[in-house]
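Contents: one structure, followed by commentary.
See below:
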(Lines of atoms letter the chains of each structure in order from A and count residues from 1; the text may use other names and numbers.)
(Lines give C-alpha, C1' and ligand atoms only; values in the text may rest on other atoms or scores of the structure.)
Protein backbone atom coordinates (compact mmCIF):
# COMPACT_ATOMS: atom_id res chain seq x y z
CA UNK A 1 0.00 0.00 0.00
CA UNK A 2 1.16 3.51 -0.79
CA UNK A 3 2.83 5.28 2.17
CA UNK A 4 0.34 8.19 2.20
CA UNK A 5 -2.62 5.83 2.05
CA UNK A 6 -1.18 3.72 4.87
CA UNK A 7 -0.62 6.82 7.01
CA UNK A 8 -4.19 7.95 6.36
CA UNK A 9 -5.56 4.50 7.11
CA UNK A 10 -3.61 4.30 10.37
CA UNK A 11 -4.72 7.76 11.51
CA UNK A 12 -8.34 6.82 10.87
CA UNK A 13 -7.86 3.67 12.96
CA UNK A 14 -6.00 5.45 15.77
CA UNK A 15 -8.34 8.43 16.02
CA UNK A 16 -11.38 6.17 15.76
CA UNK A 17 -10.02 4.21 18.70
CA UNK A 18 -9.59 7.46 20.65
CA UNK A 19 -13.20 8.39 19.99
CA UNK A 20 -14.40 5.06 21.36
CA UNK A 21 -12.03 5.21 24.35
CA UNK A 22 -13.11 8.75 25.22
CA UNK A 23 -16.81 7.95 25.13
CA UNK A 24 -16.39 4.58 26.84
CA UNK A 25 -14.57 6.22 29.76
CA UNK A 26 -17.38 8.69 30.46
CA UNK A 27 -19.42 8.43 33.62
CA UNK A 28 -23.15 7.98 32.90
CA UNK A 29 -23.97 11.54 34.01
CA UNK A 30 -21.42 12.98 31.56
CA UNK A 31 -23.51 11.92 28.58
CA UNK A 32 -26.00 14.68 29.38
CA UNK A 33 -23.36 17.39 29.83
CA UNK A 34 -23.98 20.36 27.50
CA UNK A 35 -20.92 20.83 25.30
CA UNK A 36 -21.46 24.17 23.54
CA UNK A 37 -22.85 27.53 24.63
CA UNK A 38 -24.16 28.26 21.13
CA UNK A 39 -25.78 26.36 18.30
CA UNK A 40 -28.26 23.52 18.67
CA UNK A 41 -27.48 22.90 22.35
CA UNK A 42 -25.66 19.63 21.83
CA UNK A 43 -24.83 17.46 24.78
CA UNK A 44 -22.12 14.79 24.79
CA UNK A 45 -24.52 12.14 23.46
CA UNK A 46 -25.43 14.38 20.52
CA UNK A 47 -21.79 14.60 19.49
CA UNK A 48 -21.40 10.84 19.25
CA UNK A 49 -24.58 10.74 17.15
CA UNK A 50 -23.08 13.53 15.03
CA UNK A 51 -19.89 11.50 14.50
CA UNK A 52 -21.93 8.50 13.33
CA UNK A 53 -24.11 10.47 10.92
CA UNK A 54 -21.27 12.51 9.46
CA UNK A 55 -18.96 9.50 9.01
CA UNK A 56 -21.65 7.49 7.23
CA UNK A 57 -22.71 10.37 5.02
CA UNK A 58 -19.25 11.56 4.02
CA UNK A 59 -18.23 8.02 3.15
CA UNK A 60 -21.17 7.79 0.73
CA UNK A 61 -20.19 11.09 -0.88
CA UNK A 62 -16.50 10.11 -1.06
CA UNK A 63 -17.46 6.94 -2.89
CA UNK A 64 -19.36 9.07 -5.41
CA UNK A 65 -16.34 11.34 -5.86
CA UNK A 66 -14.05 8.38 -6.54
CA UNK A 67 -16.53 7.24 -9.17
CA UNK A 68 -16.24 10.66 -10.85
CA UNK A 69 -19.01 12.57 -9.11
CA UNK A 70 -18.78 15.86 -7.21
CA UNK A 71 -18.85 14.41 -3.72
CA UNK A 72 -21.18 16.37 -1.47
CA UNK A 73 -23.88 18.25 -3.41
CA UNK A 74 -23.18 21.97 -3.63
CA UNK A 75 -26.51 22.80 -2.02
CA UNK A 76 -25.86 20.56 0.99
CA UNK A 77 -26.85 22.36 4.20
CA UNK A 78 -24.74 21.12 7.13
CA UNK A 79 -26.99 22.71 9.73
CA UNK A 80 -30.15 21.19 8.25
CA UNK A 81 -28.41 17.82 7.99
CA UNK A 82 -27.38 17.95 11.65
CA UNK A 83 -30.85 19.07 12.75
CA UNK A 84 -32.31 16.00 11.03
CA UNK A 85 -29.71 13.29 11.52
CA UNK A 86 -28.52 13.83 15.09
CA UNK A 87 -31.99 13.61 16.69
CA UNK A 88 -32.67 10.36 14.82
CA UNK A 89 -29.56 8.69 16.28
CA UNK A 90 -29.40 10.35 19.70
CA UNK A 91 -32.04 8.07 21.34
CA UNK A 92 -30.06 4.89 20.57
CA UNK A 93 -28.61 3.14 23.61
CA UNK A 94 -25.00 4.11 24.25
CA UNK A 95 -23.55 0.71 23.26
CA UNK A 96 -25.47 0.88 19.97
CA UNK A 97 -24.18 4.39 19.22
CA UNK A 98 -20.61 3.30 19.94
CA UNK A 99 -21.04 0.20 17.77
CA UNK A 100 -22.49 2.33 14.96
CA UNK A 101 -19.48 4.62 15.09
CA UNK A 102 -17.06 1.67 15.10
CA UNK A 103 -18.88 0.15 12.12
CA UNK A 104 -18.89 3.43 10.18
CA UNK A 105 -15.19 3.96 10.87
CA UNK A 106 -14.36 0.37 9.87
CA UNK A 107 -16.16 0.98 6.56
CA UNK A 108 -14.16 4.17 6.04
CA UNK A 109 -10.89 2.31 6.74
CA UNK A 110 -11.90 -0.44 4.28
CA UNK A 111 -12.74 2.21 1.68
CA UNK A 112 -9.34 3.89 2.12
CA UNK A 113 -7.63 0.49 1.87
CA UNK A 114 -9.10 0.12 -1.61
CA UNK A 115 -7.97 3.52 -2.92
CA UNK A 116 -5.05 4.27 -5.19
CA UNK A 117 -2.72 7.25 -4.80
CA UNK A 118 -4.42 8.81 -7.84
CA UNK A 119 -7.79 8.61 -6.05
CA UNK A 120 -6.46 10.90 -3.30
CA UNK A 121 -5.94 13.63 -5.89
CA UNK A 122 -9.51 13.49 -7.18
CA UNK A 123 -11.53 16.57 -6.40
CA UNK A 124 -14.68 16.72 -4.38
CA UNK A 125 -16.82 19.35 -2.79
CA UNK A 126 -17.05 19.86 0.96
CA UNK A 127 -19.76 22.26 2.20
CA UNK A 128 -17.49 23.84 4.80
CA UNK A 129 -14.20 23.98 2.88
CA UNK A 130 -15.32 24.11 -0.75
CA UNK A 131 -13.52 22.22 -3.51
CA UNK A 132 -10.65 20.10 -2.22
CA UNK A 133 -8.75 16.95 -3.02
CA UNK A 134 -10.03 13.74 -1.46
CA UNK A 135 -6.92 13.39 0.70
CA UNK A 136 -7.87 16.61 2.50
CA UNK A 137 -11.50 15.54 2.86
CA UNK A 138 -10.50 12.10 4.16
CA UNK A 139 -8.21 13.70 6.74
CA UNK A 140 -11.23 15.65 7.97
CA UNK A 141 -12.83 12.36 8.96
CA UNK A 142 -10.28 11.97 11.73
CA UNK A 143 -9.63 15.65 12.44
CA UNK A 144 -13.28 16.62 12.82
CA UNK A 145 -13.87 14.37 15.86
CA UNK A 146 -10.56 15.49 17.38
CA UNK A 147 -11.84 19.07 17.59
CA UNK A 148 -15.16 18.03 19.11
CA UNK A 149 -13.50 15.60 21.56
CA UNK A 150 -11.34 18.42 22.88
CA UNK A 151 -14.53 20.34 23.59
CA UNK A 152 -16.23 17.29 25.15
CA UNK A 153 -13.30 16.77 27.52
CA UNK A 154 -13.29 20.43 28.51
CA UNK A 155 -17.05 20.53 29.08
CA UNK A 156 -17.01 17.32 31.13
CA UNK A 157 -13.96 18.36 33.19
CA UNK A 158 -15.31 21.82 33.99
CA UNK A 159 -19.01 20.99 34.11
CA UNK A 160 -19.62 23.95 31.79
CA UNK A 161 -20.24 24.18 28.06
CA UNK A 162 -17.58 25.79 25.90
CA UNK A 163 -18.03 28.47 23.23
CA UNK A 164 -18.22 26.80 19.83
CA UNK A 165 -15.88 28.51 17.40
CA UNK A 166 -16.44 27.05 13.92
CA UNK A 167 -13.79 29.39 12.51
CA UNK A 168 -11.18 27.50 14.54
CA UNK A 169 -11.87 24.42 12.43
CA UNK A 170 -11.50 26.25 9.13
CA UNK A 171 -7.99 26.58 7.69
CA UNK A 172 -6.78 30.06 6.87
CA UNK A 173 -7.10 30.53 3.12
CA UNK A 174 -9.44 27.60 2.54
CA UNK A 175 -8.86 23.98 1.72
CA UNK A 176 -5.45 22.68 0.68
CA UNK A 177 -5.37 21.66 -2.91
CA UNK A 178 -7.32 24.74 -3.92
CA UNK A 179 -10.76 26.07 -3.42
CA UNK A 180 -11.18 28.54 -0.63
CA UNK A 181 -14.80 28.99 0.29
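In the working numbering, the protein residues as written are 5 to 185. Glycine included, every Cβ here is placed at the ideal spot set by N, Cα and C.
With a beta-carbon spacing of about 7 Å, residue 23 and residue 153 fall inside the 8 Å limit used to define contacts. Of the residues assessed, residue 37 falls on the buried side of the cut-off, its CB having 16 or more other CB atoms within 10 angstroms.
Counting every other CB atom within 10 Å of its CB across the protein chains shown gives residue 64 a total below 16, marking it as exposed.
For the 8 Å CB-CB criterion, residue 138 and residue 123 form a contact.
Put simply, of 119, 32, 57 and 45 the residue whose alpha carbon is nearest the alpha carbon of residue 8 is 119. With a cutoff of 8 Å on beta-carbon distance, residue 56 and residue 34 are scored as not near each other.
Restricted to the stretch 118-143, the beta strand (DSSP E) segments that are unbroken, complete and at least 3 residues in length are 127-130 and 134-137, listed in chain order. Around the beta-carbon of residue 104, 16 or more other beta-carbon atoms lie within 10 Å, marking it buried.
Rounded to the nearest angstrom, the Cβ distance from residue 67 to residue 115 is 7 Å, consistent with a contact under 8 Å. Counting the other CB atoms within 10 Å of its CB gives residue 112 a total of 16 or more, which places it among the buried residues. Within the same chain, Cβ atoms closer than 6 Å to the Cβ of residue 20 are found at 109, the five residues on either side in sequence being excluded. Within its own chain, the residues whose Cβ lies closer than 7 Å to the Cβ of residue 69, once the five positions on either side in sequence are excluded, are 75, 126, 128 and 138, listed in chain order.
The residue among 99, 54 and 102 with its C-alpha nearest the C-alpha of residue 84 is 54. Residue 75 carries a strand assignment under DSSP once its states are collapsed to helix, strand and coil. If you compare the alpha carbons of 28, 50, 106 and 73 with that of residue 94, the shortest gap goes to 50.
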